[in-house]
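K.L.:
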Amino acid sequence: MGQNLGRAKRAFALFAVAAAVAVPAAFAGDSAETVQELATVPDNGSGAMIDETPSAYFVELKGSAAAFRTEAKATGLQYSERFTYNKLFNGLSIKLGSGQLNALQGLSNVKATYPVLRAELEPTSTTDLATAVAMTGADLANGSGFTGTGVKVAVMDTGVDYNHADLGGDGSDSDAASNDGAFDGDFPNSRVTTGWDFVGDAFDANENAATYNPVATPDPDPDDCHGHGTHVAGIVGANGAVKGVAPGVTFGAYRVFGCNGSTTSDIMLAAMERALADGMHVLNMSIGSAFMTWPQYPTAAGADALVDAGMVVVASIGNSGADGLYSAGAPGVGNKVIGTASYDNSHVSALTFDAPGRTGIAYLPITSTEDPPTSGTTPDVIWVGRGCNVDTYLGNPAGKVALIERGACTFAEKYNKAVANGAVDVIIHNNSAGLFAGGGIVGVAGISAVGISQADGLYLRSLTTPFGITWTANRVNAANPTGGQISSFSSYGMNAELTLKPDIGAPGGLIRSTYPLEKGAYAIISGTSMASPHVAGAAALLRQARPTLAASEFAAILQNSADPRNSPLAALPDYVHRQGAGMVDIDDSILSTTTMTPGKVSLGEGEGGTATISIKNSSASEQTYTMSHQAALNTGPNANSPFSFTAQFAPATVSFLPASVIVPAGGTATVVATIVANPGILQQAQYGGYLRATTGSGQVYRVPYAGLKGDYQSIQVLHPTANGFPWLAKRSATGYTNQPTGATYTFVDGDIPYFVAHFRHQARNAVFTVLDAATGLPVDPEFSTIIREDYLPRNSTSGAFFAYSWDGKRAFVDNGKKGKEHRRGVPDGQYKVRLTVLKALGDPANPAHTETWTSPTITIDRP
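For the sequence shown, my numbering begins at 94 and goes up steadily by one.
1. Using three-state DSSP, classify residue 163 as helix, strand or coil.
2. Given this structure, state the Cα-to-Cα distance separating residue 877 from residue 299, to the nearest angstrom.
3. Alpha carbon to alpha carbon, what distance is there between residue 246 and residue 279?
4. Residue 875: buried (16+ other C-beta within 10 angstroms of its C-beta) or exposed?
5. Got a sec? Which residues, its chain only, sit under 8 Å from residue 290 by beta carbon, not counting five neighbours each side?
6. Quick check: the Cα distance between residue 238 and residue 800, rounded to an integer number of angstroms?
7. Would you kindly report the start and end of the unbroken beta strand (DSSP E) that includes residue 932?
8. To the nearest angstrom, report how far apart residue 770 and residue 744 are at their CA atoms.
9. Out of 406, 712, 343, 341, which one is the CA nearest neighbour of residue 366?
10. In whole angstroms, what separates the C-alpha of residue 563 from that of residue 649?
11. On the CB-based measure, 16 or more other CB atoms within 10 Å of its CB, does residue 591 come out buried or exposed?
12. Measuring CA to CA, which of 521, 570, 529 is closest to residue 553?
13. Buried or exposed for residue 708, going by 16 or more other Cβ atoms inside 10 Å?
14. Tell me which residues share the same chain as residue 573 and place their Cβ nearer than 8 Å to its Cβ, disregarding the 5 neighbours each side in the sequence.
15. By the 10 Å Cβ neighbour count, where 16 or more other Cβ atoms means buried, how is residue 748 classified, buried or exposed?
16. Is the Cβ-Cβ distance between residue 859 and residue 885 less than 8 Å?
17. Using 8 Å as the Cβ pair cut-off and three pairs as the minimum, do the segment 615-635 and the segment 691-708 touch?
18. Whose C-alpha, out of 207, 168, 677, is nearest the C-alpha of residue 196?
19. In three-state terms, what does DSSP make of residue 836?
20. In terms of alpha-carbon separation, which member of 374, 383, 201, 844 lies closest to residue 357?
21. Please list, in chain order, all residues of the same chain as residue 806 whose beta carbon is under 6 Å from its beta carbon, the five residues on each side excluded.
22. Would you give the residue range spanned by the alpha helix (DSSP H) that residue 328 belongs to?
23. Looking at the secondary structure, which residues open and close the beta strand (DSSP E) in which residue 647 lies?
24. Take the Cβ of residue 944 as the centre, count every other Cβ of all protein chains shown within 10 Å, and call the residue buried at 16 or more, exposed below.
25. Thinking C-alpha only, which one of 721, 571, 363, 759 is nearest residue 785?
26. Rounded to whole angstroms, what's the CA-CA distance from residue 419 to residue 434? Just pull it up for me.
27. Looking at C-beta atoms only, is the number of pairs between the segment 809-818 and the segment 756-774 that lie closer than 8 Å three or more?
28. Tell me, please, which residues DSSP counts as bridged to residue 750.
29. May I have the straight-line CA-CA distance separating residue 957 from residue 899, to the nearest angstrom?
30. Considering just the uninterrupted stretch of the beta strand (DSSP E) at residue 572, what are its terminal residues?
31. Quick check on residue 955: buried or exposed, where buried means 16 or more other Cβ atoms within 10 Å of its Cβ?
32. Judging by CA-CA distance, which residue of 427, 495, 762, 364 is the nearest neighbour of residue 472?
33. Roughly how many angstroms lie between the CA atoms of residue 829 and residue 862, to the nearest whole one?
34. Counting Cβ pairs, one atom from each stretch, are 3 or more of them under 8 Å apart for the segment 459-479 and the segment 650-658?
35. Which of helix, strand or coil does DSSP assign to residue 806?
36. For residue 504, report the span of its alpha helix (DSSP H) as first-last.
Encoded structure:
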């Protein structure tokens, strides 16, 4: 019997992460402690089995939904309808019965199908927003009178706690105990003026979770019982104890998550249509589907349609940095969406404790442990060493506070061992410079654990007489050693069509913002979820400053004034395909009198290319612009993990014609940039840099560019894995079993063939064709298609897979010939199935742009 494959589902994420992500040097050393996507721990090539097969689909229609329902009923399609769309997408979303995908695709009214992807929640940790706002110049813009007054910002998220005083509430939460959706008189208020709950408190789309409940119960109350949405709203525009980027905006709260768990991308699309109907000016989506890098995906395409309709759309680019290149997510990969990367905050707001000879020692709680008190003195602190299971303790922590060094094993292992040995509290000091936060504790044992800096830890270890520490309620803004650097979790681009993504960045690591009152009112969270609302707030300020600006013009203006940040690896700009134009610079964008378009340049594949840059001078005087080039780091070929590529500085050669240009007041001129990739970089490497125009006064405006060296189609999609994918398989309650020598199928009680495949890279399409086993030819020249899937994401890890089923029928390849009369059963006999994959941007007529796999023999023997 072949290998058995379990069915653990991949989850898609809100792009926030537990505070553990903001550790220094996340790719060096203690990988068990570092970056975690909210939904799933990346395996970084370990080969762990993850079933990423969708069970619901968007159905794009040629005609009406009514015509689809009529045809589906006549053909006996087994499905249940979820949402119908009529503004941003012509079609609907449905839940399919097992083995029904090819039946769905055979309907004549179906133009295309796309998987409905899940977005997941997990508990987040509970630096300061003020320092993050200062990093972007929002404080300067606010001081000049730009607060976003009159601008309506939609927050699609977990809802908003409209009782929060910083968000227009009265500061009391009469509904906190129940979260039952009942109004308590604070909604709408002066700040949260509209909204809708699409799902209800109990909704959770994750069928593997204990809280699974796929039944949405919409209501008009978008209160937040999770916290993520309130945190995001506070970054956009809180005005109270914390102050957001645009404290004068009003909000629309579009709740697409319950109190726990997950939502789906079709619910997101429904919320986008409602935000349009409500007349929102800016939409923030700190949410997305990692590895779906196609701009044609419905949430990305729908977001582009919102921009066409006049709404600025900002979305987080994703938290899958640990999973390597092409890990960004929809809707942030949309062509007109401002996809946002994350930088670490310059400081972190931290509580403190005192020790003999040193006061104000900053700490961050280890996520999911008990909160430390804010007063009182502990028993003695005892140094025990690294504290891993393999280590012998250097002291006995029973009845004492265990002081442990970070590294070599997980926080959970250190914590649980200390608990088992009788510790009353745990202090973990960093093993490199600076403060840090951690998480991942399971089975909390009722004691606190905190993380402190290496310097403070070494000081405590130097004390020679027994001592306790005294907890305080005092807060400090502690310097973050990775402040201003791209966050370790932030996803890499480019998108599947080699369009430069992300577009821009903002602070997202260690941000303290508003939180539901019943959860403490304020919390520190990290993620591109926290970066995106900084840019959404910036768009609100820019809209107030330039109310006639078209929604499609915002991205270029923000990109031109952004500031690229250097890599921690070298005093050079970090990867363009990870930071885009750089850190958003809000005050410079508002004050700018120059616009360079396009706002970014995507060179595609090859050895380089040319770009025509238009320079518009909106000032009252003539300007001279001198052109120059600033190169950034490159990444080499990738195998789904940043550990597999080499950072390289091999700058492209760039020439400008003309090298400088004089533009009159109110005038426009063009410059042609010719970019030649460095011949020393590897094939499939992503490279990039910045095209700069400097005024006579020294003001610099930039356009980021990126390209792929060589042949994009040389990237292998059906990459061999340790599991031997692709497979012909049988399915059971526990998973899939490989059938390497072939198998017999009865098509009774679910006994149908499954084809299990791992996609290492995004694919333009995948077509399954039924062949005669004896001849190896299609059973009919054109009437032999089983399934065709378009715009496929890559799998998240080296062991993840998609599983496709076959119901024993075939259809025409030509979509124009689809319909009830063109789906026929295959008679009993012996067959093989050929999988043909067309690579991203591939030419279907070029054999080098396709990959094929042919299954073992399938024997159909119906009773």
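From the three backbone atoms N, C-alpha and C, an ideal C-beta is built for every residue, glycine too.
P.N.:
Quick answer:
1. helix
2. 35 Å
3. 19 Å
4. exposed
5. 252, 274, 311, 312, 313, 314, 315, 316, 348
6. 40 Å
7. 922-932
8. 7 Å
9. 406
10. 51 Å
11. buried
12. 521
13. buried
14. 115, 220, 437, 438, 439, 440, 441, 527, 528, 602, 603
15. exposed
16. yes
17. no
18. 168
19. strand
20. 383
21. 932, 935, 942
22. 321-330
23. Per DSSP, residue 647 belongs to no beta strand (DSSP E); it is in the alpha helix (DSSP H), 647-654.
24. buried
25. 721
26. 14 Å
27. no
28. 765
29. The displayed coordinates of the chain run from 94 to 956. Any statement about residue 957 would go beyond what the structure contains.
30. 563-572
31. exposed
32. 495
33. 21 Å
34. no
35. helix
36. 504-513
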